[in-house]
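Asker:
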Amino acid sequence: MLAEAARTYPAVYPLYVRVGSVWETVEYEFLLEFLAAIACPALKALTVLSQPVGDLYGPHWSLTGRDVPAADTPDEAVFLPGRNVLLLAKPLLWCHLNGIAEVATAPLASNPFPDATPEFYHGFAAEVGRAVGGNVRVLTPYADMGLHKDEVLRRGVGLPLQFTFSCLRPTGGRHCGRCNKCAERRAGFSAAGMADPTRYAV
890 MLAEAARTYP
900 AVYPLYVRVG
910 SVWETVEYEF
920 LLEFLAAIAC
930 PALKALTVLS
940 QPVGDLYGPH
950 WSLTGRDVPA
960 ADTPDEAVFL
970 PGRNVLLLAK
980 PLLWCHLNGI
990 AEVATAPLAS
1000 NPFPDATPEF
1010 YHGFAAEVGR
1020 AVGGNVRVLT
1030 PYADMGLHKD
1040 EVLRRGVGLP
1050 LQFTFSCLRP
1060 TGGRHCGRCN
1070 KCAERRAGFS
1080 AAGMADPTRY
1090 AV
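For the record, in the sequence shown the residue sitting at position 42 is 931 according to the numbering used here, with numbers rising by one throughout.
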């Protein structure tokens, strides 16, 4: 989505929200590689925002890396209560304070969680707008178009997809190959009929 936005808008400001998840160090390195690979004048410098959740989640698997949902677990196993509330609040305020009118995020149509629907995103943005006297909109293009992971991957043909990241417990700087999200990633590339460029630990 970031690459598509950079082809569409004159200025795109990437945001990364750190919450303390066990995968963030590796995810952030992948993000830097991806940004370097798609660099263009429209793509501005990365901004990192902090929103730590240790005091909310405690010794949760997402913070400790223990008992991470395995490849054969249902989607519900990876649900993090209020995650998108936390990931959206600061970006909305940052955009309001910096005069940016829209925040784009990329939930898929298949995402089953209540805080990943267009209704949630648009409603939450409206409430934040009322709180600060602003009007920053949230864009959810893939969900709005009804797209699933394989369809989004096909939209990324020609992009450096080896630098995209989706793993709950990276190992040695790589996707672990054992978790729920790695299984979803493999299934997505398979359904898309594309070679998977990911380097898995197993």
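Beta carbons are placed, not taken as given, at the ideal position from N, Cα and C, and that holds for glycine.
Computed from a prediction, not measured in an experiment: that's the story for all the values here.
Alpha carbon to alpha carbon, how far is histidine 949 from arginine 1074?
Answerer: Sequence index remark: in the sequence shown, residue 949 carries index 60 (1-based). Sequence index remark: in the sequence shown, residue 1074 carries index 185 (1-based). Taking the straight line from one Cα to the other gives about 23 Å.
Asker: Within this structure, are the beta carbons of aspartate 1039 and glycine 1066 separated by less than 8 Å?
Answerer: Translated into the one-based positions of the sequence shown, residue 1039 becomes position 150. Translated into the one-based positions of the sequence shown, residue 1066 becomes position 177. Not in contact: aspartate 1039 and glycine 1066 (Cβ atoms no closer than 8 Å).
Asker: Please report the residue range of the alpha helix (DSSP H) in which glutamine 918 lies.
Answerer: The residue given as residue 918 occupies position 29 in the sequence shown. As written in the sequence, residue 918 is glutamate, which differs from the glutamine given in the question. Looking at the DSSP string, the run of the alpha helix (DSSP H) that includes glutamate 918 is 913-926.
Asker: Count the CB pairs spanning the region 1040-1056 and the region 1015-1024 that are closer than 8 Å, and state whether there are at least three.
Answerer: The region 1040-1056, when compared against the region 1015-1024, does not touch it at the 8 Å Cβ threshold.
Asker: By a C-beta neighbour count over all protein chains shown, 10 Å radius and 16 as the cutoff for buried, is valine 974 buried or exposed?
Answerer: As a position in the sequence shown, residue 974 is number 85, starting the count at 1. With fewer than 16 other Cβ atoms within 10 Å, it is exposed.
Asker: Please classify histidine 1011 as buried or exposed, where buried requires at least 16 other C-beta atoms within 10 Å of its C-beta.
Answerer: Here residue 1011 refers to the residue found at position 122 when the sequence shown is read from its first residue. Its Cβ having fewer than 16 others within 10 Å, histidine 1011 is exposed.
Asker: Report the residue ranges of all alpha helix (DSSP H) runs contained in full by the region 997-1073; include only those spanning at least 4 residues, in chain order.
Answerer: Runs of the alpha helix (DSSP H) inside the region 997-1073: 1007-1021, 1030-1033, 1038-1044.
Asker: Measure the C-alpha to C-alpha separation of serine 951 and methionine 1083 and round it to an integer number of angstroms.
Answerer: As a first step, residue 951 must be located in the sequence shown, where it is residue number 62. As a first step, residue 1083 must be located in the sequence shown, where it is residue number 194. Roughly 29 Å separates the two Cα atoms.
Asker: Rounded to whole angstroms, what is the Cα-Cα separation between glutamate 1008 and methionine 890?
Answerer: Walking along the sequence shown from the start, residue 1008 turns up at place 119. Walking along the sequence shown from the start, residue 890 turns up at place 1. Distance between the alpha carbons of glutamate 1008 and methionine 890 is about 20 Å.
Asker: Please confirm whether alanine 998 and glycine 1045 have their CB atoms less than 8 Å apart.
Answerer: Stepping through the sequence shown from its first residue, residue 998 is reached at position 109. Stepping through the sequence shown from its first residue, residue 1045 is reached at position 156. Cβ distance not < 8 Å, so alanine 998 and glycine 1045 don't count as in contact.
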